[in-house]
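Heads up: the structure comes next, in structure tokens.
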Amino acid sequence: MKALVYENYAQDDNFESILELRNIPEPVPKPNEVIFRVKAASLNYDDIWGMRGKPLAVPLPHISGTDAAGEVTAIG
Numbered sequence: 030m031k032a033l034v035y036e037n038y039a040q041d042d043n044f045e046s047i048l049e050l051r052n053i054p055e056p057v058p059k060p061n062e063v064i065f066r067v068k069a070a071s072l073n074y075d076d077i078w079g080m081r082g083k084p085l086a087v088p089l090p091h092i093s094g095t096d097a098a099g100e101v102t103a104i105g
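Numbering of the sequence shown is given in my numbering, commencing with residue 30 and proceeding in unit increments.
Here it is in structure tokens:
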């Protein structure tokens, strides 16, 4: 599956310099989790704050995209 990943925080809001589209292994859902195939996604302020590392740093590497719509493909 493809994911938008970053391993460093952006300097001067230069997000393009840190984002990389990668192939990653298909996840396996744990109990009470679902996997869905994304049909549409957007970046919002939660993603921007994460890429800045402010006000709270997210663990790196990190997969962006907290807003998404799609189709459920697996249930844990």
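Positions of the beta carbon are idealized from the N, C-alpha and C atoms, including for glycine.
As the structure is a computational prediction, the values presented were derived from the model and not from experiment.
Between lysine 68 and asparagine 52, the C-beta spacing is not below 8 Å.
Between asparagine 37 and leucine 89, the C-beta spacing is below 8 Å. Per DSSP, the unbroken alpha helix (DSSP H) holding tyrosine 74 starts and ends at 74-81.
Note that the C-beta distance between alanine 70 and aspartate 41 is not below 8 Å. Only residues of its own chain outside the window of five on either side were considered, and among them Val101 and Ile104 have a CB closer than 6 Å to the CB of valine 63, listed in chain order. Only residues of its own chain outside the window of five on either side were considered, and among them Ile64 have a CB closer than 7 Å to the CB of proline 56, listed in chain order.
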